[in-house]
Structures are given as structure tokens and as C-alpha cells.
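Residues 19 to 170, numbered by my numbering, are exactly what the sequence shown covers, in order. Just so you know, even glycine gets a beta-carbon here, dropped at the ideal spot from N, CA and C. All figures in this text were calculated on a predicted structure; none of them were measured in a lab. Comments concern the structure below.
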Amino acid sequence: MDDGREADGTAPQGPSAKGQDRTPAPAAGVLCDVMELAGLPLADSGALWRLAESGRQLDANLVRLPAGRHVHAHVEPELDVLLLVVAGDGVLATPDGAEPLAQGKLVWLPKGSSRSITAHGDGLSYLTVHRRRPGMQIRSRPTGDGAPPPTG
């Protein structure tokens, strides 16, 4: 009896219909050494690394803030964000108060929440991960009366 499994007993990874071409899945692998990147000279600031693999469902950035610098208060209206501190220290400010940040702290920043980040001491390096934002979309111009153009 054919249960749809591969010869090695694993579940198929591509289309289930037999005979269809399968697009190979992206290969798993090491992307970078965040501790090495976080240890670069302090002249480097901003995004030290970005996830750029094609077909990905996530966005990720390794960010460095020099001591005393900060990310101004803002709200992310669409995405939850995970933030992992990989080096340094600082503070996360929210409407509920301030939370100290230090190496190893994992922070959840839910969509709609207001937050700011300030680096202390030797600066702050952190990794952010969130669902990938949809790409820019080209849309038709609205008609002169402000109504959207007809579809079809």
C-alpha cells in the first residue's frame, strides 16, 4: 500500500502528486557568527548583518548601537519582533517602564507596542527576527473622484 512516503520513510517535501517536478528546499546552514560580528570595532554601527536568502519567510538583522545612541520611541503596527541581546547593555523603554538589557536577554515586542532602545556602557548589539514584510506593490492610481479604479 502506498502511503505517499519517500523510499526512506520520510514525508514528501514537494507537491504530493506523483510525477511532478519538485523544487528543492533551501539548504540549511550557518549564516554568520553573531558573536564575531558583535565584537567588531565600535566604528561599525547600524545593521552589521541582514538575512538576505531568497525565498525566506523571515527577516533578521544584527544591529549595533554605540554607547549613548538610541532607537527613538516607535510603534510597529504590523509585526511581532523577537530581540536577542548578543553583546553589551542598555535599556528597553516602554509605556510600562524601563527594562535593563544585557547579553542573553530575549525580548518579545508585540505588534502595536511602543518601545525605544538606548545603549549604555560599551554599546549594544542585538539580533531582531520577525515575519518578512510583504514587498512593495504597484497599484493603479485612484480615479479623479477618489474611488478606486474598477477591477476586472
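(message) Just to confirm the assignment: which complete alpha helix (DSSP H) runs, minimum length 4, are found wholly within the region 41-106?
(response) 52-56
(request) Report the residue ranges of all beta strand (DSSP E) runs contained in full by the region 107-151; include only those spanning at least 3 residues, in chain order. (result) 115-120, 124-127, 132-149
(request) Find the nearest neighbour of G122 within the set G115, D114, P113, G108, judged by alpha-carbon distance. (result) G108
(message) Please report the straight-line C-alpha distance between R87 and P42, rounded to a whole angstrom.
(response) 43 Å
(message) Looking at L119: is its Cβ nearer than 8 Å to the Cβ of L142?
(response) yes
(message) What does the Cβ neighbour count give for R150, buried or exposed, with the cut at 16 atoms within 10 Å?
(response) exposed
(request) Within its chain, find whatever has a CB closer than 8 Å to the CB of V125; leave out the 5 residues flanking it on each side and keep chain order. (result) L100, L101, L102, V103, L110, E117, L119
(request) Label G106 either buried or exposed according to how many other C-beta atoms from any shown protein chain fall within 10 Å of its C-beta, with 16 as the threshold for buried. (result) buried
(request) Would you tell me roughly how many angstroms separate the C-alpha atoms of V82 and E96, rounded to the nearest one? (result) Note that residue 82 is Arg in the sequence shown here, rather than Val. Straight-line Cα distance between these residues: approximately 23 Å.
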